[in-house]
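In our numbering, the protein residues as written are 53 to 483.
As structure tokens, this is what we get:
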């Protein structure tokens, strides 16, 4: 019998979704967990996998249409009935809203997705029954890995993404001793920008509408003030240069500057908890942990995934967490809960060459740290005897955007002074 394809519920508060793109057409073969269609919600945009293997029999909801969760949007026929299935109608042209390069970020399917009545091919039977996510099974298929051979470190022995990546790394190391890093997992190409002509009127994507709404709301909600500090990063630049190769060889992970900034911010947040707090009516909510929002620029918009309980992570854990969130944000792999619950946010306009930025606060946070570009500049330095000289140093400009309703200027400056001191006198092990 045919398997229904339903609009999943991408989070408890989500009641509807817009189909932005079908990745298959009627008559195409599909494998279970293979990306099938893309949706947009008010939380995240997502790439939804097929609930079963078979042939896409029918598309009931066309691109650009919005429907309630659990609505049947199409059907998949089993192999035995595909030949006798009636021909599906030719899909209508996409609605204008869908033609404007919709933005998407994939998440795992909701439980509402129907399970297949037709078993998957025998070669993947063990993989499909392993305790793992669709992403893990997809990586396993791409690399011809039997998940029965992979030890799971997740809850109840569940195989996580890191488990299978570590397994692949060990395989490659065994096959080619001395290789520095594992082969990278293929990443979906970013959607191309819309082909627009000057003078055209083009509908906003769903993601752009949400960004616009939230930026205006934040400006209306918080009393924005900014302060900027110049920080000498020479010590950290030299440390990273010396440790980079060994770090990447040992941990199979890039060593970037971001965990240095994040760790310094966490230390300051622990000393000034008001900067990690939120306004709730006429009350102040002091958060127990630092849930760190990391702004990620996408080719099709902006998203802020959240590194939960970042204050409990060491330097290596921060680097891995930041890299993982950024990679999955760009690859459309985030879950709705991974873009919620931040208490403080870091954004990095310096990666594009900006000297500094004046970022808008990510609600309901009370502060956001903007990281400028690191550049070599002349700086007056003093020796132990107080003699001044001009030296070439690696400098960065850090900006704190804060809500003046909650955070006084003196507190903001003290917070940033501690961030500066931590970075300029870095002493922590980086692993």
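All residues carry an ideal CB built from backbone N, CA and C; glycine is no exception.
When rounded, the separation of the alpha-carbon atoms in residue 457 and residue 258 is 31 Å. In this structure, the straight-line span from the alpha carbon of residue 270 to that of residue 463 is close to 21 Å.
Classified as buried, residue 284 has 16 or more neighbouring CB atoms from the shown chains inside 10 Å of its CB. Between the alpha carbons of residue 388 and residue 188 lies a distance of about 18 Å.
Boundaries cannot be given for residue 401, as no alpha helix (DSSP H) includes it and DSSP labels it neither H nor E. Straight-line spacing of the CA atoms in residue 416 and residue 330 works out to 6 Å. Nearest in C-alpha terms to residue 67, of all of 123, 452 and 480, is 123. In this structure the segment 301 to 316 touches the segment 367 to 374; the number of beta carbon pairs closer than 8 Å is three or more. The segment 341 to 358 makes no contact with the segment 459 to 478, as fewer than three CB pairs between them are under 8 Å. The residue among 439, 324 and 347 with its C-alpha nearest the C-alpha of residue 459 is 324. Taking C-beta separations shorter than 8 Å and ignoring five residues to either side along the sequence, the partners of residue 299 in its chain run 305, 307, 482 and 483, following chain order.
Beta-bridge analysis with DSSP links residue 475 to no other residue. Ranked by Cα distance from residue 448, the options 252, 288, 385 and 359 are led by 288. Look at residue 256 here: in three-state DSSP terms it is coil, with no helix or strand label. Remark: fewer than three beta-carbon pairs, one from each stretch, lie closer than 8 Å, so the segment 376 to 387 and the segment 326 to 341 are not flagged as touching. Just measuring C-alpha positions, the residue of 344, 53, 203 and 426 sitting nearest residue 309 is 426. In this structure, DSSP gives residue 311 a helical state, which the three-state scheme calls helix.
In this structure, residue 394 lies near residue 343, with their beta-carbon atoms less than 8 Å apart.
Under the three-pair Cβ rule at 8 Å, the segment 428 to 439 does not count as touching the segment 264 to 281.
The continuous alpha helix (DSSP H) containing residue 300 extends over residues 286 to 303. Within 10 angstroms of the beta-carbon of residue 252 lie fewer than 16 other beta-carbons, which makes it exposed.
CA-CA distance, residue 217 to residue 103, rounds to 24 Å.
For residue 375, the enclosing alpha helix (DSSP H) stretches over residues 367 to 382. With a threshold of 16 other beta carbon atoms within 10 Å, residue 105 meets it and is buried. In the DSSP assignment, residue 53 falls outside any beta strand (DSSP E) and carries neither an H nor an E.
In the displayed model, residue 75 falls within coil according to three-state DSSP, outside both helix and strand.
Ranked by how close their Cα comes to the Cα of residue 90, the residues 441, 69 and 472 have 69 in first place. In this structure, DSSP gives residue 424 a state outside helix and strand, which the three-state scheme calls coil.
A residue is called buried when at least 16 other Cβ atoms come within 10 angstroms of its Cβ; residue 59 meets this threshold and is buried.
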